[in-house]
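Have a look at the structure below before the remarks.
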Amino acid sequence: MNIRYDFHMAEGEGEWSYSKNSRRPEIYFRETKPVVENAIKEVYKTLLPKTMIIGDLACAAGPNTLLFMSSVISTIVEQCKSSRDDSVELQFFLNDLPGNDFNELFRLIEKFRRPNITGERAHLPPFYYIQGLPESYYNRLFPRESVHIFHSSYGLHWRSQEPEGLESWRKTYLNEDNIYITKTTTPFVVKQFQKLFYKDFSLFLKLRHEELVHGGQMVLIFNGRKDEDVYNGDLNKLFALVAIALKSLVLKVVVYVNYCIVVFLLIFISHCEGRHEVKKF
Numbered sequence: 055m056n057i058r059y060d061f062h063m064a065e066g067e068g069e070w071s072y073s074k075n076s077r078r079p080e081i082y083f084r085e086t087k088p089v090v091e092n093a094i095k096e097v098y099k100t101l102l103p104k105t106m107i108i109g110d111l112a113c114a115a116g117p118n119t120l121l122f123m124s125s126v127i128s129t130i131v132e133q134c135k136s137s138r139d140d141s142v143e144l145q146f147f148l149n150d151l152p153g154n155d156f157n158e159l160f161r162l163i164e165k166f167r168r169p170n171i172t173g174e175r176a177h178l179p180p181f182y183y184i185q186g187l188p189e190s191y192y193n194r195l196f197p198r199e200s201v202h203i204f205h206s207s208y209g210l211h212w213r214s215q216e217p218e219g220l221e222s223w224r225k226t227y228l229n230e231d232n233i234y235i236t237k238t239t240t241p242f243v244v245k246q247f248q249k250l251f252y253k254d255f256s257l258f259l260k261l262r263h264e265e266l267v268h269g270g271q272m273v274l275i276f277n278g279r280k281d282e283d284v285y286n287g288d289l290n291k292l293f294a295l296v297a298i299a300l301k302s303l304v305l306k307v308v309v310y311v312n313y314c315i316v317v318f319l320l321i322f323i324s325h326c327e328g329r330h331e332v333k334k335f
């Protein structure tokens, strides 16, 4: 599997596309929207940038990216009104892996922009610009000290690669019949996922620290757990049921094609450590 190009949400705008099946992330964003808006206000009031650079990481290809941009724009409009400064401009960078359906995303953006560039709205602040940024966020994305706001909603639980020792090309599958951590998952598998989480997340924070302007902020929203028991959690139970359903489906296919081994693996892990809100870097 080539993660850069094969690992992405369902493409297009059909019945089974991510664009039509992203209600849950929308709920999460609406719940955390006040946090996003507060971060934008603080950065604007503190730095008073003429151009505010905003990075939306793991944007996918659905309407939730538009919700985020709309929230940023409306917040800045209110700040401009209160400060009587209409000179600020916004530059959005929408980031995801190269295999992401950026064509669908920008089709949605065109619909989003249309009512905002005609009539009276064209004379109100802020002017804004939108660019796609296809690259893994486990790499450098921006020049040093150039970004004012980083936002990532339900993307950081995805790992940069398959954990060492669990690669799909191996003939022995150490987490067989599972797509997540369940009661039958060995401690070795859990440890490999944890090691990769620490490595990935530490790298992510290091890279974003280099790219963030002094006084900038990050809003990172991702899965967590209620306790440190990796075998006990809502996702464990959910994906255990999904694995049973997938295995049942595969067995039917196996009978049909007379093939015998198919293994699934979701390469993400929810973590309980680092649950505290980080206000300053």
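Going by the numbering used here, the first residue of the sequence shown is number 55, and it counts up by one from there.
For glycine and all other residues, C-beta sits at the position ideal for the given N, C-alpha and C.
Contacting residues, own chain, Cβ-Cβ under 8 Å from A112 (five flanking each side not counted) = On the sequence shown, position 58 is the one that residue 112 refers to. Excluding positions up to five away in sequence, the list reads N149, D150, Y191, S206, S207, Y208, G209, L210 and W212.
Put D139 into one of helix, strand or coil per three-state DSSP.
-> Taking the sequence shown and counting its residues from 1, one reaches residue 139 at position 85. The answer is coil: DSSP assigns D139 none of H, G, I, E or B.
Residues bridged to S207 (per DSSP) = Position 153 of the sequence shown, counted from the first residue, corresponds to residue 207. For S207, the beta-bridge partners assigned by DSSP are I275.
So is E282 buried or exposed if we call it buried at 16+ other beta carbons inside 10 Å?
-> What you label residue 282 is simply residue 228 of the sequence shown in a count that begins at 1. Per the 10 Å Cβ criterion, exposed.
Mark Y252 as exposed unless 16 or more other C-beta atoms lie within 10 angstroms of its C-beta, in which case mark it buried.
-> Counting from one through the sequence shown, the residue named residue 252 turns up at place 198. The residue is exposed, with fewer than 16 neighbouring Cβ atoms inside 10 Å.
Pull up the DSSP beta-bridge partners for D283, would you.
-> One-based indexing of the sequence shown puts residue 283 at position 229. Note: D283 sits in no beta bridge, so no partner.
In three-state DSSP terms, what is N154?
-> By 1-based counting over the sequence shown, the position of residue 154 is 100. Under the three-state reduction of DSSP, N154 is assigned to coil, being neither helix nor strand.
So which of L292, I127 and A297 has the shortest CA-CA distance to T105?
-> One-based indexing of the sequence shown puts residue 105 at position 51. Ranking L292, I127 and A297 by Cα distance to T105 puts I127 first.
Please work out which residues of its chain come closer than 7 Å, Cβ to Cβ, to V244, disregarding the five sequence neighbours upstream and downstream, and give them in chain order.
-> One-based indexing of the sequence shown puts residue 244 at position 190. Excluding positions up to five away in sequence, the list reads I235 and V284.
By the 10 Å Cβ neighbour count, where 16 or more other Cβ atoms means buried, how is F293 classified, buried or exposed?
-> As a working mapping, residue 293 is identified with position 239 in the sequence shown. Buried, since its Cβ has 16 or more Cβ neighbours within 10 Å.
Collapsed DSSP secondary structure at A181 in the structure displayed | Residue 181 sits at position 127 when you count from the first residue of the sequence shown. At residue 181 the sequence reads Phe, which differs from the Ala that was named. If DSSP states are grouped into helix, strand and coil, F181 belongs with the strands.
Is Q185 buried or exposed, if buried means 16 or more other CB atoms sit within 10 Å of its CB?
-> Residue mapping note: residue 185 aligns to position 131 of the sequence shown, counting from 1. With fewer than 16 Cβ atoms within 10 Å of its Cβ, Q185 is classed as exposed.
Nearest neighbour of V131, chosen from F146, R77, P180 and I107 [CA to CA] = Translated into the one-based positions of the sequence shown, residue 131 becomes position 77. It is P180.
For F146, which three-state DSSP category applies?
-> As a working note, residue 146 is residue 92 in the sequence shown. Here F146 sits in strand by DSSP.
Between I107, T119 and Y98, which lies nearest to S136 when the distance is taken from Cα to Cα?
-> As a working mapping, residue 136 is identified with position 82 in the sequence shown. Comparing Cα-Cα distances from S136 to each of I107, T119 and Y98, the minimum goes to Y98.
Just checking my contact of A115 with F156 at CB under 8 Å: how many whole Å lie between their CB atoms?
-> Walking along the sequence shown from the start, residue 115 turns up at place 61. Walking along the sequence shown from the start, residue 156 turns up at place 102. Contact flag correct, Cβ pair sits at about 7 Å.
Indicate the three-state DSSP secondary structure (helix, strand or coil) for P79 in the structure shown.
-> Position 25 of the sequence shown holds residue 79. DSSP places P79 in helix when its eight states are reduced to three.
Locate the beta strand (DSSP E) running through L111, then write down its first and last residues.
-> One-based indexing of the sequence shown puts residue 111 at position 57. That run of the beta strand (DSSP E) goes T105 to L111.
CB-CB under 8 Å to E65, same chain, minus the five flanking residues each way: which ones, in chain order?
-> As a working mapping, residue 65 is identified with position 11 in the sequence shown. Closer than 8 Å at the Cβ level, and outside the excluded window around E65, lie S71, Y72, A115, D155 and E158.
Mapping DSSP to helix, strand and coil, what is P188?
-> Taking the first residue of the sequence shown as position 1, residue 188 is located at position 134. Three-state DSSP puts P188 in a strand.
Which value, in whole angstroms, describes the spacing of the CA atoms of N229 and T238?
-> Counted from its first residue, the sequence shown places residue 229 at position 175. Counted from its first residue, the sequence shown places residue 238 at position 184. Answer to the nearest angstrom: the Cα atoms are 8 Å apart.
Residue from Q215, Q271, N286 and K165 with nearest C-alpha to L250 | Indexing the sequence shown from 1 puts residue 250 at position 196. It is Q215.
What residue range is occupied by the uninterrupted alpha helix (DSSP H) comprising K260?
-> Stepping through the sequence shown from its first residue, residue 260 is reached at position 206. Counting along the chain, the alpha helix (DSSP H) containing K260 begins and ends at P241 to E265.
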